[in-house]
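Chains as they are written, first to last, in the numbering used here: chain X, 1 to 726; chain V, 1001 to 1102.
Read the structure below first, then the notes.
Right under this line is the structure:
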């Protein structure tokens, strides 16, 4: 099989799984997850084949694997779709394949496969646990299997299809198709437990918020298509096309933007929605309402990465028209939004108590890092951080799911009423859940950028070094501060969750999760460490150059000209070390002696600021006041009362009344007197005539004969006097 | 030779006698007999016109023969009906047979 046909087939197995499960195997849980995991494995296998072929191909950036089909006739030309694997998509494919496969396996354990059915579990609600009796007759409450087990695997199958489509497509349209499929799956999966009102609200919020970005992105696509006449990457990224886009002023000439700048900004707004950047970040924390493998991992490792992937992909367009290191307007906007989001989300994460929400905000913050990195032109650093982040964030989220699962086990066992997601209800889990602890520690250290051994260090260091090296001081300081906060809240999370003593009975009785959940953790932990080795800068002291800087050579090859490597500078490295180690140490020092029921020390230290952070700067309330309530008000008072009931219904009622009156007139002056009258007249007339004539029917034969005689005479006289000429 | 009009007058008288019998007699058999008279008066007319106007053809005689045949058949059916009615109602008075009315 040629490499192109493998690429074409990559997205299809999970789609097949979706249809098989939905149409046929919905009732059979084992079969459903078998199909889903099997197809994910197939896609993973194909991805690995493609990836290893890609890294062995010389100069893949200029000669990518491309296969194109005519799809839609547009006038005298064809709209073409196709697949394309260049270094960037090959690298993305690598982490997508691994993380997707890991979620699929993890989901089997997370949804309690092999456990009994719940005592009163209902579809659309989380499983509440089942009571089982052991051999001594003691009753225990154990976790119960998810009632809509198969449905979950169908949805994540469709989700995987969307992600693979997005990665392998060679044009923005199929990328957008995959993008929207994921938007749909995200909606369905956030609201997986749809009987929970909070889940319903979260699913609508996620869908509506990302929609805002998607509309702008679609505008950008339309603008690009009308200007270039194609959405295929190979067409858009031709130097002359980019030159043309950069030199054409945008429609309306807003702010003196070029067409390239305008399109870039529109596409970037799509990313703001998808990758949850400020000001459209509000949906991502709420997405934690879904089951952990989804709301967490999908919204951390794959789907939100799609937004960053898209802007990295569009980087030549965003950069078009920049001269001698000056940033284009689109890049400046990205830098500002990205850096601001990085620090903004990090500050919120510091004050969250829900283990998943901390990670959600850290995801927003890390995505901000990538956006800011791309904004200052650090193409390879952004892509590299995207990959490392996907691995360690997937690891952290799956780890948090494992923690919650373990604590939930304790909650069921003890019958306590505590929130199994609140970190202040945990503590001391390192002894109960060793695998989860060690993998979580690795993921957490990678997130904080623990020096030398973790992947996060190398990618984050590269971003900081780029910001420093190109003299973007504000960005450098902001990102360094964000890194400090990141290390702090990560250590806060690890300390509260795993270290110290158990603060509740439930944490005391927490239990390690089954192998289906811990295996993905271990695999991802290996990557969270090892993937960093692919991108060690060659100018790094001592160990630099021992391994080739694979990320730079390979991913950088996607661009027309290989980005230059920066000379080594000691300052960003020192800052990076200080913030990572300092943040970790601070987090440990502040939280190591946290007692059950005690206040968060940060609350005491920060006072009202903590309240502000805890409430996420009141952005939800703000949007509620500015957008949601006016929208409801407008919908009710204007659209419903005036437009719908007043005008549209008014017109309809008027038409109805006119028609009714005309009908009445017709009825009274035409139908009743004329049509009915004629019918009645005929009927009555015949009746009367019959009544009059019946007296001659006497039944006496001689009277009949007499009548016949009279008539015959009559007829005779008639004929004689009429026809006979005298 | 006797003029044609004599035959015609005779036939008319015979027809009127038959018609009178049909209309006024109560006995159904007498009514049938009246009908016979009327038919035969027509026969007289047919034969007379044949003899005086077109004696080289046989159409008049043929018509008369056909009328005989019809009259015979009619009498046969009519008498059978009258016998049947008599058996049921012990009467042959035409005015008594008045069931066929509204």
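Using N, Cα and C, we set each Cβ at its ideal position, and we do this for glycine too.
* Which of the residues in the segment 1022-1034 of chain V, read from start to end, lie with their CB under 9 Å from any CB of chain X? -> 1022, 1023, 1024, 1025, 1026, 1028, 1031
* Asked: Hey, would you say residue 141(X) sits closer than 8 Å to residue 412(X), going by beta carbons?
  -> As a first step, residue 141(X) is located in the first chain; it is residue number 141 there, counting from the start. As a first step, residue 412(X) is located in the first chain; it is residue number 412 there, counting from the start. Cβ atoms of residue 141(X) and residue 412(X): closer than 8 Å.
* Asked: Of the residues 317(X), 229(X), 193(X), 678(X), which one's Cα is nearest the Cα of residue 291(X)?
  -> The residue given as residue 291(X) occupies position 291 in the first chain. The residue with the shortest Cα to Cα distance from residue 291(X) is 193(X).
* To do: Measure the CB-CB distance between residue 88(X) and residue 651(X) and report whether it falls below 8 Å.
  => The residue you call residue 88(X) lines up with position 88 of the first chain. The residue you call residue 651(X) lines up with position 651 of the first chain. No.
* Own chain residues within Cβ distance below 8 Å of residue 1021(V), not counting five before or after -> Walking along the second chain from the start, residue 1021(V) turns up at place 21. Excluding positions up to five away in sequence, the list reads 1030, 1031, 1033, 1034, 1037.
* To do: Going by DSSP, name the residue or residues bridged to residue 80(X).
  => On the first chain, position 80 is the one that residue 80(X) refers to. BP columns for residue 80(X) point to 70(X).
* Asked: By a C-beta neighbour count over all protein chains shown, 10 Å radius and 16 as the cutoff for buried, is residue 278(X) buried or exposed?
  -> Residue 278(X) sits at position 278 when you count from the first residue of the first chain. Residue 278(X) should be labelled buried.
* Is it a yes or a no for the segment 509-521 of chain X touching the segment 400-409 of chain X, going by three-plus beta-carbon pairs under 8 Å? -> yes
* By a C-beta neighbour count over all protein chains shown, 10 Å radius and 16 as the cutoff for buried, is residue 548(X) buried or exposed? -> Indexing the first chain from 1 puts residue 548(X) at position 548. Around the beta carbon of residue 548(X), fewer than 16 other beta carbons lie within 10 angstroms, which makes this residue exposed.
* To do: Determine whether the Cβ of residue 652(X) lies closer than 8 Å to any Cβ atom of chain V.
  => Here residue 652(X) is taken as the residue at index 652 of the first chain, counted from 1. No, residue 652(X) does not count as interfacial toward chain V.
* **Three-state class that DSSP yields for residue 131(X) in the structure shown** => In the first chain, residue 131(X) corresponds to position 131, counting from 1. Look at residue 131(X) here: in three-state DSSP terms it is strand.
* When DSSP builds the beta bridges, which residues end up paired with residue 65(X)? -> Indexing the first chain from 1 puts residue 65(X) at position 65. Answer is 85(X), bridged to residue 65(X).
* **Coil, strand or helix - residue 231(X) by DSSP** => The residue labelled residue 231(X) in the question sits at position 231 within the first chain. If DSSP states are grouped into helix, strand and coil, residue 231(X) belongs with coil.
* Applying a beta-carbon distance threshold of less than 8 Å, which residues of chain X neighbour residue 1098(V)? -> Position 98 of the second chain, counted from the first residue, corresponds to residue 1098(V). Near residue 1098(V) (Cβ distances below 8 Å), the residues of chain X are 698, 699, 700.
* **Unbroken stretches of the alpha helix (DSSP H), 4 residues or longer, contained in the segment 89-114 of chain X** => none
* Asked: Got a sec, what are the start and stop residues for the beta strand (DSSP E) residue 389(X) sits in?
  -> In the first chain, counting from the first residue as 1, residue 389(X) sits at position 389. Segment 379-414 is the alpha helix (DSSP H) holding residue 389(X); no beta strand (DSSP E) there.
* Asked: Ordered along the chain, which non-local residues of its own chain (more than five positions away) have a Cβ less than 7 Å from that of residue 162(X)?
  -> As a first step, residue 162(X) is located in the first chain; it is residue number 162 there, counting from the start. 178, 181, 182, 185, listed in sequence order.
* What residues of chain V sit near residue 706(X), judged by a beta carbon separation below 8 Å? -> Looking up residue 706(X) in the first chain gives position 706. Those within 8 Å of residue 706(X) in chain V are 1023.
* Between the CA atoms of residue 534(X) and residue 94(X) - distance to the nearest angstrom -> Walking along the first chain from the start, residue 94(X) turns up at place 94. Walking along the first chain from the start, residue 534(X) turns up at place 534. Spanning the two alpha carbons is a distance of roughly 13 Å.
* From the DSSP output, read off the bridge partner residues of residue 422(X). => Numbered from 1 along the first chain, position 422 holds the residue referred to as residue 422(X). Answer by DSSP bridge pairing, in chain order: 354(X).
* Asked: So is residue 274(X) buried or exposed if we call it buried at 16+ other beta carbons inside 10 Å?
  -> Reading the first chain from its first residue, position 274 is the one you call residue 274(X). It is buried - the Cβ of residue 274(X) has at least 16 other Cβ atoms within 10 Å.
* Give me whichever residues DSSP pairs with residue 1027(V) in a beta bridge. => On the second chain, residue 1027(V) is found 27 positions in, with the first residue counted as 1. DSSP output for residue 1027(V) lists 1093(V) as bridge partner(s).
* Asked: On the three-state DSSP scale, how would you describe residue 139(X)?
  -> For this step, residue 139(X) is matched to residue 139 along the first chain. Reduced to three states, the DSSP call for residue 139(X) is strand.
* Proximal residues to residue 283(X) (C-beta, below 7 Å), its chain only, five neighbours per side dropped -> Position 283 of the first chain, counting from 1, holds the residue named residue 283(X). Cβ within range, chain order: 205, 206, 209, 210, 276.
* Assigned secondary structure, residue 1005(V) (DSSP; H/G/I helix, E/B strand, else coil) -> Translated into positions along the second chain, residue 1005(V) becomes position 5. In the structure shown, residue 1005(V) sits in a helix (DSSP, three-state: H, G or I).
* Test: residue 1095(V) CB closer than 8 Å to a CB of chain X -> If you number the second chain from 1, residue 1095(V) lands on position 95. Yes - at least one Cβ of chain X is within 8 Å of the one on residue 1095(V).
* Where residue 171(X) sits in the DSSP three-state scheme -> Looking up residue 171(X) in the first chain gives position 171. Residue 171(X) falls in the strand class under three-state DSSP.
* For the segment 144-155 of chain X and the segment 238-251 of chain X, state whether three or more C-beta atom pairs, one from each stretch, are separated by less than 8 Å. => no
* **Proximal residues to residue 189(X) (C-beta, below 6 Å), its chain only, five neighbours per side dropped** => Position 189 of the first chain, counted from the first residue, corresponds to residue 189(X). Result list for residue 189(X): 155, 290, 294, in chain order.
* Asked: Using the C-alpha atoms, what's the distance from residue 337(X) back to residue 71(X)?
  -> Residue 71(X) sits at position 71 when you count from the first residue of the first chain. Residue 337(X) sits at position 337 when you count from the first residue of the first chain. Computed Cα separation, rounded: 37 Å.
* Residue burial classification, residue 653(X) (beta-carbon count within 10 angstroms, cutoff 16) -> Within the first chain, residue 653(X) is the residue found at index 653, counting from 1. By the neighbour-count rule (16 or more Cβ atoms within 10 Å), residue 653(X) is not buried but exposed.
* Report all residues from its chain with a CB closer than 6 Å to the CB of residue 680(X); omit the five preceding and five following residues, and keep chain order. => As a position in the first chain, residue 680(X) is number 680, starting the count at 1. Same-chain partners within the cutoff: there are none.
* To do: Work out the CA separation of residue 136(X) and residue 32(X) for me, nearest whole Å.
  => Against the first chain, residue 32(X) aligns to sequence position 32. Against the first chain, residue 136(X) aligns to sequence position 136. Between residue 32(X) and residue 136(X), the C-alpha separation is close to 35 Å.
* Asked: Given residue 1049(V), which residues of its chain have a CB within under 7 Å of its CB, disregarding the five upstream and five downstream residues?
  -> Sequence index remark: in the second chain, residue 1049(V) carries index 49 (1-based). The answer, listed in chain order, is 1060.
* **Rounded distance between the beta-carbons of residue 213(X) and residue 270(X), thought under 8 Å** => Reading the first chain from its first residue, position 270 is the one you call residue 270(X). Reading the first chain from its first residue, position 213 is the one you call residue 213(X). So it is a contact: roughly 5 Å between Cβ atoms.
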